[in-house]
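Numbered by the numbering used here, the letters in the sequence shown go through residues 1193 to 1573 in order.
Built from N, CA and C at the ideal position, the CB exists for glycine as well.
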Amino acid sequence: MYFRLIVLFCLLMGAGSLPLSAQTQFNFSDSTRVSLLTCSPGNALYSTFGHSAVRVYDPMSGMDAVFNWGIFDFDTPNFYWKFMRGKLLYQMGGQRFIDFYSEYQYLQRSVVETPVLLPLEAKRKLLNTIETNYLPENRKYKYDFFFDNCATRIRDVVERALPIAYADTSRTIKPLRRLLDEYLVEMPWSDFGIDLILGLPADQMGTFRYEMFLPDYLGKNLPHARYQGKAITGPEVQLLPAAPLPPSKAPKPLLLISIIMLLWVGLGFLKYKLPVNILDRLFFVLIALAGTLMLFLWLGTDHLATKYNLNVLWANPLYFIALGSLGGKRKIWLWIIGGLCAFTLLFFPFSPQLFHPAIIPILLAVMLRCALKIPLFKLPN
């Protein structure tokens, strides 16, 4: 599950591994048209939050190409290690529009086209900026989940080419984590896992520009851009409809975890101690492994969104050390991890980081198991 979540985190809004050898020849004329393509979420793990691309069509030369910034090369040396550590370079790439259209038609994902309407000279500047970005020396970039991805790159290309301003930006803005939640209603376990691995950067308040890390919000917000007082986009056109995504049949994390934790704690009151001792060690190891992964994503990677993760208060490698206290006389480590869980529970409503409610039964279960293992009428040795 955790590997899948890391893959999801790294591939969010990526287009996948389109052929890097596709070389689109630029041949612009004054009749060249530019548009934003916004693609709906799909069933695949990497397509959870949709995708954005730019279409460049020149009826004079017949050029009809799609450019996106979500491409990576599986042949990169040490691909998976770089992938895990956030050091894998993404890049801009191009493909024929007919291939792009056929792919999304096959995947049954919607594609909405929003034309970019600009005076001739401004359009030339935008096209030149896109062409410059497509040069081999400029294609690659260091991907960042919230602040530098396939959607924000399009926003930045427009802003770099033109002195635009945004109008009508006064509506309520959500924290970045809450924006992700909109897409995870039918993916409760992905929602739980993402809440575990994302740290404090995900809880900062979004801004009108920051919202555009999501393709849907790029499609919603870019029409508010003004150049010389006029909107830079025209009415959107739906090129492809979307098939409805199937509802989740999995039990909710809070329910399932609550049942498992109740069974764990309940077995502790039985006469036969071997099963519960096995479960104690199993759950301590699982929580320790989860905490080790969180620390690795915080300290050992370049992923900004996973840094300063307050979930390490209750899930951390100290559980490995506490394994020795389960059957020994020195209970100090049980006091420590039980106390950390109690602190997290008390801190829960006031935390600057939004904790997932499914951790509450885990916190309570660890506290109760520690309490049952500690002779509370004595001070710890």
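Using a Cβ-Cβ distance cut-off of 8 Å, the region 1293 to 1308 and the region 1378 to 1392 are not in contact, since fewer than three pairs of beta carbons, one from each stretch, lie closer than that value. Rounded to the nearest whole angstrom, the C-alpha separation of residue 1342 and residue 1322 is 13 Å.
The C-alpha of residue 1404 is placed about 27 Å away from the C-alpha of residue 1250. Following the DSSP letters along the chain, one finds residue 1430 inside the beta strand (DSSP E) bounded by residues 1429 to 1432.
Each residue's CA atom was taken as its position, placing residue 1437 and residue 1239 some 12 Å apart. Apart from the 5 residues on each side of it in sequence, residue 1444 sits with its Cβ closer than 7 Å to the Cβ of 1380 in its chain, given in chain order. Residue 1273 is classed as exposed because its beta carbon has fewer than 16 other beta carbons within 10 Å across all chains shown. Residue 1476 sits close to residue 1515, with the two beta carbons spaced by under 9 Å. Exclusion of the five residues before and after residue 1553 leaves 1449, 1450, 1453 as the residues of its chain whose Cβ lies within less than 6 Å of its Cβ.
Every alpha helix (DSSP H) stretch that sits fully inside the region 1327 to 1375 and reaches 4 residues is listed by chain position as 1342 to 1353, 1368 to 1373. In terms of Cβ geometry, residue 1459 and residue 1478 do not form a close pair [threshold 9 Å]. The distance from the Cβ of residue 1367 to that of residue 1396 is about 7 Å, consistent with a contact at the 8 Å cut-off.
Just so you know, the alpha carbons of residue 1334 and residue 1544 end up roughly 28 Å apart.
Between the beta-carbon of residue 1473 and that of residue 1526 there is about 13 Å, and that puts the pair past the 8 Å contact cut.
Residue state for residue 1553 is assigned as helix, using DSSP reduced to three classes. If you look at residue 1276, you'll find it in the alpha helix (DSSP H) that goes 1271 to 1277. Counting every other CB atom within 10 Å of its CB across the protein chains shown gives residue 1244 a total of 16 or more, marking it as buried.
When 1431, 1364, 1337, 1501 are compared, the shortest CA-CA separation from residue 1295 is found for 1431. For the pair residue 1482 and residue 1442, the CB atoms are not nearer than the 9 Å cut-off. By the 16-neighbour rule on beta-carbons within 10 angstroms, residue 1369 is buried.
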